[in-house]
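Colleague: There's a structure below that I have some questions on.
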Amino acid sequence: MNITHYVKAESLEEAYTLNQKKTAAILGGGCWLRLGQQRVGRTIIDLEKLGLDKIEETKNEFIIGCMVSLRRLELSKELDEFTNGALQESLHHIVGTQFRNMATIGGSLFGRFGFSDVLTCFLVLDTEVELYKAGRVSLAEFVRINHDKDIIVRVIVKKTPKVVAYESLRLSATDFPVLTCAVSKDTDDGVVHCAIGARPVKAELFREGQEFFAGGFSAEAIKKYAACVQDSFAFGSNIRASAAYRKDMTGVLITRVLTKIMAGRYRE
Amino acid sequence: MIIQYWINGEKVIGDIAPDLVLLDLLRSKGCYSVKCGCETTNCGLCTVWIDGTPMLSCAVPVPRIEGRHVTTLEGLQKEATEFAQFMGAEGSDQCGFCNPGFVMNVLAMVRELKDPTEEEIKEYLAGNLCRCTGYTSHMRVLRSYLAKRQKKVKS
Numbered sequence: 052m053n054i055t056h057y058v059k060a061e062s063l064e065e066a067y068t069l070n071q072k073k074t075a076a077i078l079g080g081g082c083w084l085r086l087g088q089q090r091v092g093r094t095i096i097d098l099e100k101l102g103l104d105k106i107e108e109t110k111n112e113f114i115i116g117c118m119v120s121l122r123r124l125e126l127s128k129e130l131d132e133f134t135n136g137a138l139q140e141s142l143h144h145i146v147g148t149q150f151r152n153m154a155t156i157g158g159s160l161f162g163r164f165g166f167s168d169v170l171t172c173f174l175v176l177d178t179e180v181e182l183y184k185a186g187r188v189s190l191a192e193f194v195r196i197n198h199d200k201d202i203i204v205r206v207i208v209k210k211t212p213k214v215v216a217y218e219s220l221r222l223s224a225t226d227f228p229v230l231t232c233a234v235s236k237d238t239d240d241g242v243v244h245c246a247i248g249a250r251p252v253k254a255e256l257f258r259e260g261q262e263f264f265a266g267g268f269s270a271e272a273i274k275k276y277a278a279c280v281q282d283s284f285a286f287g288s289n290i291r292a293s294a295a296y297r298k299d300m301t302g303v304l305i306t307r308v309l310t311k312i313m314a315g316r317y318r319e
Numbered sequence: 022m023i024i025q026y027w028i029n030g031e032k033v034i035g036d037i038a039p040d041l042v043l044l045d046l047l048r049s050k051g052c053y054s055v056k057c058g059c060e061t062t063n064c065g066l067c068t069v070w071i072d073g074t075p076m077l078s079c080a081v082p083v084p085r086i087e088g089r090h091v092t093t094l095e096g097l098q099k100e101a102t103e104f105a106q107f108m109g110a111e112g113s114d115q116c117g118f119c120n121p122g123f124v125m126n127v128l129a130m131v132r133e134l135k136d137p138t139e140e141e142i143k144e145y146l147a148g149n150l151c152r153c154t155g156y157t158s159h160m161r162v163l164r165s166y167l168a169k170r171q172k173k174v175k176s
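Right, here's the structure in full:
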C-alpha cells in the first residue's frame, strides 16, 4: 500500500470533493485493500465519522447506511423476516464472521464485484442506492453505469411484498462463489425477478419471461423460464468454472430456488 | 499522523504512517500471536478484537483504530490458557500456527452466542482456516469446553 493521506471526512461534501482526485478512494470496510492487484489510492477517505452505520425502518422502506457491516445486516431480524431468510443465506457464506464484521454494504455494492453474493440478492429486492450527487437510482441501473467518483450514501429497500430465495454454488466453503442466484416473486402480481451473478461477471437483473408463468407455476413453466434465463445471459470461464458449467448450473439453481418459493420452503 | 488507541488495556499515543496496517503495528508492539497467514483477508489468523468485535487486522489501516480498544491473545491470557488446555487434551493443537486466530474467534463467539448449536459454531468459526486438523478435533474441543462453561454457569 502507498497511502500518503488518510482523511476521516467530516462531511459528505468533503468526502466527495476529495474523492474527485484520480488517486483517491473511499475506504468502506477496507476489505478490498488486499483484493488481488487493485491499486490502493494515495488518499484514503474514511466515512466512519458520518453516522452512516445505522439501519432504519420506516413504514415503506428499510434505509441502510453505507457503513453498515454485512454482519449487522445478517443479524437484522427485520431484514431477515422481510426477505424470508434469503438475505442471511446470501451473507453467511462470505469468508467468515470477522470479515463480515468489517465489510460494508456500501463497499460491497459500489464495487459491483462479479463474485458479489450481496449484489445478487439486493438486485431482486426493490432496491435503490442513494448517491451523494446523482441522488436515488435503482440498483439495477446502478449496476449498469460505469464506475465514477460518486459515493453511495444509503441503500434503500422498499417493502414491496414479495417472497425471496437465494442459492449460491461454491467449490469450497467460504470461497468466492462459482455462481449466485436470487429470485423473488411479488406477492401482489406474481411478477418474478431473477438475478444471476458470478458468471463470472457482475450480477444483473432479469425481468423477462413472465409469460411462462401465465398458466401457473408448474414444473414445466419453471423449466422453460430457466432455459430462457440461460439463453439471455452471457457466461464466461475462469479458474473456478467454465462458461458451459455455469450455464448448466444456472438452470439447476433457478429450478431449485423457484421450487423453494412455490413450495413455501424458503429457509431450506 | 498522531493518534491515540489502546492495546490490551494499555493507552498508546503514537505517530503512525497512514498506510500502516494494524497487523504490522501489533507485531511491532510485541504482540507476536497476531500473524499474517494468507495476504488475502481470508484465513482468520490475524484475528483481533476492536472494541470487542473480532476483525482481521491485516486489512485494518491503523488510523481507523483511533480512540478504540484493540485486544490480542496477549491480553486474554487467562481465558486463552483455559481453552488451550482443552485443545491439548483433545490433541487439536497440531502444528499450532492457526491457533491464536482460532482462539480469539472462539472467545468472541462465547461472548456473543449463548449456548450455540453445532451449526452456529461451524458458521461462526468458518473464517478460521486450519490445514492440519480437518476441524473434527476442533469440534470435540468446543463441545467439551462449552459443556464445562455451561456447567459453570448453572452452578
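As they're listed, the protein sequences go chains A and B. Quick note on numbering: the first sequence equals residues 52 to 319 in our numbering. Quick note on numbering: the second sequence equals residues 22 to 176 in our numbering. Just so you know, even glycine gets a beta-carbon here, dropped at the ideal spot from N, CA and C. The structure displayed is predicted, hence computed values, not measured ones.
How about residue 270/A and residue 141/A: do their beta carbons lie closer than 9 Å?
Modeller: Contact: no.
Colleague: From 55/A, 169/A and 250/A, pick the residue whose C-alpha is nearest to that of residue 290/A; which is it?
Modeller: Out of 55/A, 169/A and 250/A, 250/A has the C-alpha closest to the C-alpha of residue 290/A.
Colleague: Which residues in the same chain have their Cβ closer than 6 Å to the Cβ of residue 163/B, if we skip the five residues on either side of it in sequence?
Modeller: Taken in chain order, the residues that qualify are 142.
Colleague: Under 7 Å, CB to CB, which of the residues in the stretch 59 to 73 of chain B have a partner in chain A?
Modeller: Within the stretch 59 to 73 of chain B, the residues whose Cβ lies closer than 7 Å to some Cβ of chain A are 60, 61, 62, 63, 65 and 68, listed in chain order.
Colleague: Can you give the Cα-Cα distance for residue 202/A and residue 107/B, rounded to whole angstroms?
Modeller: Their backbone Cα atoms lie some 48 Å apart in a straight line.
Colleague: For residue 279/A, name the three-state secondary structure that DSSP assigns.
Modeller: Three-state DSSP puts residue 279/A in a helix.
Colleague: Strictly below 7 Å CB to CB, what residues from chain A border residue 149/B?
Modeller: Near residue 149/B (Cβ distances below 7 Å), the residues of chain A are 147.
Colleague: Relative to the C-alpha of residue 152/B, which candidate in 41/B, 66/B and 82/B has its C-alpha closest?
Modeller: Answer by Cα proximity: 66/B.
Colleague: What residue from 166/A, 245/A and 125/A has the CA that sits closest to residue 177/A's CA?
Modeller: The option with the nearest alpha carbon to residue 177/A is 245/A.
Colleague: Any contact between the stretch 35 to 48 of chain B and the stretch 81 to 89 of chain B? By contact I mean 3 or more CB pairs, one from each, below 8 Å.
Modeller: These segments touch.
Colleague: Using CA coordinates, which residue listed in 111/B, 124/B and 132/B is at the minimum distance from residue 171/B?
Modeller: The shortest C-alpha separation from residue 171/B is found at 132/B.
Colleague: If you measure between the beta carbons of residue 77/A and residue 66/A, is that distance less than 9 Å?
Modeller: Against a cut-off of 9 Å, the Cβ pair of residue 66/A and residue 77/A comes out as a contact.
Colleague: Do you know how far the Cα of residue 97/B is from the Cα of residue 157/A?
Modeller: If you take the alpha carbons of residue 157/A and residue 97/B, they lie about 33 Å apart.
Colleague: Determine, using beta carbons only, whether residue 104/A comes closer than 9 Å to chain B.
Modeller: Chain B contact via Cβ: absent.
Colleague: Residue 206/A and residue 175/A: beta carbons closer than 9 Å?
Modeller: Not in contact: residue 206/A and residue 175/A (Cβ atoms no closer than 9 Å).
Colleague: Between which two residues does the beta strand (DSSP E) harbouring residue 75/B extend?
Modeller: Counting along the chain, the beta strand (DSSP E) containing residue 75/B begins and ends at 74 to 77.
Colleague: Among 75/A, 64/A, 62/A and 68/A, whose alpha-carbon lies nearest the alpha-carbon of residue 56/A?
Modeller: Nearest option by C-alpha distance: 75/A.
Colleague: Is there at least one Cβ from chain A nearer than 9 Å to residue 95/B's Cβ?
Modeller: It does not: the Cβ of residue 95/B has no partner Cβ on chain A nearer than 9 Å.
Colleague: As a quick exercise: from 302/A, 204/A and 228/A, pick the residue whose alpha carbon is nearest that of residue 115/A.
Modeller: Closest option to residue 115/A, Cα to Cα, is 204/A.
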